[in-house]
Amino acid sequence: MPLTPEEPQIPESAQGPRVAPAAGRTAPTPRPVPGPRSAATPRPGTPGRSPVRPAPPAQRPHHTPASPAVPAPAGRKGTEATSVVQLQLIPATAEGAVDAADEAVDLLLDSGQAPGGILVLTTGEQHPWAAHELSFGEAAYWAQHDAGDDVFFARTANADRCASRSVVVVAVNGELDEAAARALSGLRERAGALLIVCGDPQKINSVLGAAV
-5 MPLTPEEPQI
5 PESAQGPRVA
15 PAAGRTAPTP
25 RPVPGPRSAA
35 TPRPGTPGRS
45 PVRPAPPAQR
55 PHHTPASPAV
65 PAPAGRKGTE
75 ATSVVQLQLI
85 PATAEGAVDA
95 ADEAVDLLLD
105 SGQAPGGILV
115 LTTGEQHPWA
125 AHELSFGEAA
135 YWAQHDAGDD
145 VFFARTANAD
155 RCASRSVVVV
165 AVNGELDEAA
175 ARALSGLRER
185 AGALLIVCGD
195 PQKINSVLGA
205 AV
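Quick note on our numbering: the sequence shown kicks off at -5 and runs consecutively.
Here you go:
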């Protein structure tokens, strides 16, 4: 039966390519491109370390937080002399004294204290950074002290060899024997603005002879 003009029939294969509805398409989701990571203050056990220096071999376990507030001396960054040295005590065990001192240094640096204005001393074993740097020889170790452009770590037994800095942080990580007590009582002369002592409050107060 002939087809009438009103009823054309076009083979399905001749109807042209089919276009999927736009709603059916799934546009690829762009992945976020991570930007550069913020440069965290390298703390190989210590804040303010130069990136060219090797980090200490192992990271110490985090200790129970001590005092969260370690105020930095406003406007005192090693260039301004002052006759009044602030004294602050951070309670800590002998095992946690070094970690408490590191956290105090972190807060000082975050508040704007110049790295070269901070001296960290230990009454017992060497700070891990000092022990690591001494492995390269005492000459190189003390050369970093003489440069005075970064946080420096030493023992109270060597405090007389260290130049005065704006802030002195002491970690009482050993017994306060006569030598350590004598060194601790004389450290106010090494601190230009702030002396922070991390350790047993009762023992420290008995050495310093004043309540903190």
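Backbone N, C-alpha and C define an ideal beta-carbon position, used for all residues, glycine too.
What are the start and end residues of the alpha helix (DSSP H) that includes residue i?
i      : result
GLN120 : Counting along the chain, GLN120 falls outside any alpha helix (DSSP H), and DSSP gives it neither H nor E.
GLU97  : 91 to 104
SER179 : 172 to 179
Does the beta carbon of residue i fall short of 7 Å from some heavy atom of the ligand GTP?
i      : result
THR117 : As far as ligands go, the structure on display features none, and thus does not contain the ligand GTP.
Over what stretch of residues does the beta strand (DSSP E) that includes residue i continue unbroken?
i      : result
PRO195 : Segment 195 to 202 is the alpha helix (DSSP H) holding PRO195; no beta strand (DSSP E) there.
GLN138 : No beta strand (DSSP E) contains GLN138, which is instead part of the alpha helix (DSSP H) from 132 to 141.
LEU81  : 80 to 85
SER160 : 159 to 165
ARG149 : 146 to 149
Let me make sure I understand the geometry here. Which of the options has the alpha-carbon closest to that of residue i?
i      : options                       : result
ALA173 : PRO195, THR150, ALA91         : THR150
SER200 : VAL78, LEU83, ALA98           : LEU83
ARG176 : GLU132, VAL99, ILE198         : ILE198
GLY180 : ALA88, LEU202, GLY193, SER160 : LEU202
PRO253 : ALA185, ALA95, SER105, ALA137 : Residue 253 is absent from the structure shown; the chain starts at -5 and stops at 206.
ALA88  : ASP100, GLN120, GLU127        : GLN120
How long is the line joining the alpha carbons of residue i and residue j, rounded to whole angstroms?
i      : j      : result
ALA133 : ALA148 : 14 Å
ASP194 : GLU97  : 17 Å
GLN196 : PRO85  : 9 Å
ALA124 : GLN138 : 11 Å
ASP93  : PHE130 : 24 Å
TYR135 : ARG155 : 12 Å
SER105 : VAL99  : 10 Å
LEU128 : ALA91  : 21 Å
HIS126 : LEU178 : 24 Å
With a Cβ-Cβ cutoff of 8 Å, do residue i and residue j count as a contact?
i      : j      : result
ALA153 : VAL79  : no
LEU102 : VAL161 : yes
SER158 : ARG184 : yes
ALA170 : LEU81  : Looking at the sequence provided, one finds Leu at residue 170 rather than Ala. No, they are not a contact pair.
Three or more C-beta pairs below 8 Å linking the segment 155 to 166 and the segment 106 to 116: yes
Under 8 Å: do the segment 104 to 114 and the segment 136 to 152 share three or more Cβ pairs, one atom per stretch? yes
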